[in-house]
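Number of protein chains: 2
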Amino acid sequence: MIFNQTMELETAASILKLLGDKTRLAMVKILSENECCVCEFVDLFEMSQPAVSQHLRKLRDSGLVKERRKGQWIYYSLNSSYPYHPYVLQVIQGVPSQRYRIEELETQGKRISCD
Amino acid sequence: MIFNQTMELETAASILKLLGDKTRLAMVKILSENECCVCEFVDLFEMSQPAVSQHLRKLRDSGLVKERRKGQWIYYSLNSSYPYHPYVLQVIQGVPSQRYRIEELETQGKRISCD
DNA sequence: TGCACACATAAGAATATACTTATACAATGA
DNA sequence: TCATTGTATAAGTATATTCTTATGTGTGCA
Chain A
1 MIFNQTMELE TAASILKLLG DKTRLAMVKI LSENECCVCE FVDLFEMSQP AVSQHLRKLR
61 DSGLVKERRK GQWIYYSLNS SYPYHPYVLQ VIQGVPSQRY RIEELETQGK RISCD
Chain B
1 MIFNQTMELE TAASILKLLG DKTRLAMVKI LSENECCVCE FVDLFEMSQP AVSQHLRKLR
61 DSGLVKERRK GQWIYYSLNS SYPYHPYVLQ VIQGVPSQRY RIEELETQGK RISCD
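Protein sequence lines, in the order shown, are assigned to chains A and B.
Mapping of the first sequence onto the UniProt record's numbering: position 87 corresponds to residue 87, and the numbering continues sequentially without gaps.
Mapping of the second sequence onto the UniProt record's numbering: position 40 corresponds to residue 40, and the numbering continues sequentially without gaps.
Take a look at the structure:
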């Protein structure tokens, strides 16, 4: 594995702490497979919009994810220029794919696609 | 990566939560490189014995580490028969080696070696 | 201009976490 | 048998975390 910079143990711990919540871990896994907006997460996790927003803020504040505004929607995705992005990928590689969740959304016609 | 069994997302999250504390992450990294007893961790982390013991209990209760009693000492090591042991190894692979800490202990003559 | 929608933020509450101090338990050795 | 040493556990406390409800902000559209 090649890092853009060496990683301190405390940095690794803080990344693992962020990922050590099942909601955020699912978010990051999903974002590694799809770009996603907030309202989709609200549907996916059956969780209130502020709760989703607060999880995303933690991920954004630490640099793991980035946002892209598209009209009223804000699309989140993994931030590939995050210095520890390769480490994040390595950690979530062993996590089961969450694609089926997005596919469920699409089946229900709840998937936002404004490209 | 080959798992002994498939891993649920929630399982991964709970493992990452355990590792998402700098003390426990250092412990697990150290234990991947050396067997270690409680009093050595107390020296290493400059932390009270009960605090160390409680961190080790969390790791033991979840199966990540195992213990081996040798006289008055209890030696901890990674539990390689833990079903998600390969995942733990993958996660800590990117964490910087903590060997220097053990070497410091040896330099100070504080390393217990009762083999 | 004003309303509706998507999202963010603030404040508060319930719970979880990580320490502390005190004490119990297990093994050794005099 | 008793004291000492290494470790575990219990109980309490301070802080962190993750929700909830209420409200603010930005964008699109009639």
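Ideal placement from N, C-alpha and C gives every residue a C-beta, glycine not left out.
Is there at least one Cβ from chain B nearer than 7 Å to residue i's Cβ?
i, result
"P83/A", "no"
"Y100/A", "no"
"C114/A", "The pLDDT assigned to C114/A is 40, lower than 50, so where the model puts this residue is not dependable; a value taken from the coordinates is nonetheless given after this. It does not: the Cβ of C114/A has no partner Cβ on chain B nearer than 7 Å."
"G63/A", "no"
"K66/A", "no"
"L19/A", "yes"
"V91/A", "yes"
"residue 135/A", "Nothing about residue 135/A can be read from this structure; chain A reaches only from 1 to 115."
Could you check whether the Cβ of residue i sits closer than 7 Å to any Cβ belonging to chain A?
i, result
"V52/B", "no"
"L9/B", "yes"
"K22/B", "yes"
"K58/B", "no"
"L25/B", "yes"
"V28/B", "no"
"L16/B", "yes"
For residue i, which option in the options has the closest C-alpha, if you only look at C-alpha atoms?
i, options, result
"N34/A", "V88/A, Q98/A and Q90/A", "Q98/A"
"E103/B", "D61/B, Q90/B and C36/B", "C36/B"
"M7/B", "V88/B, Y100/B, G94/B and P96/B", "V88/B"
"F45/A", "R60/A, L25/A, S62/A and G63/A", "L25/A"
"A13/A", "G94/B, Y82/B and G109/B", "G94/B"
"L16/A", "S48/B, Q90/B, K110/B and C39/B", "Q90/B"
Would you call the CB atoms of residue i and residue j closer than 7 Å?
i, j, result
"residue 131/A", "S32/A", "What the structure shows of chain A is the stretch from 1 to 115, and residue 131/A is not part of that stretch, so it cannot be assessed."
"V42/A", "V52/A", "yes"
"E10/B", "K22/A", "yes"
Measure how close the beta-carbons of residue i and residue j come, nearest whole angstrom, since I'm counting them as under 8 Å.
i, j, result
"L18/A", "K58/A", "6 Å"
"L105/A", "Y76/A", "That pair is no contact at about 15 Å."
"G20/B", "G20/A", "4 Å"
"V38/B", "Q49/B", "7 Å"
Next on the checklist: As an exercise, report each continuous beta strand (DSSP E) stretch of at least 3 residues that is fully enclosed by the UniProt domain "HTH arsR-type" (4-103) of chain B, in chain order.
Outcome noted: Those beta strand (DSSP E) runs which fall completely within the UniProt domain "HTH arsR-type" (4-103) of chain B and span 3+ residues are 65-70 and 73-78.
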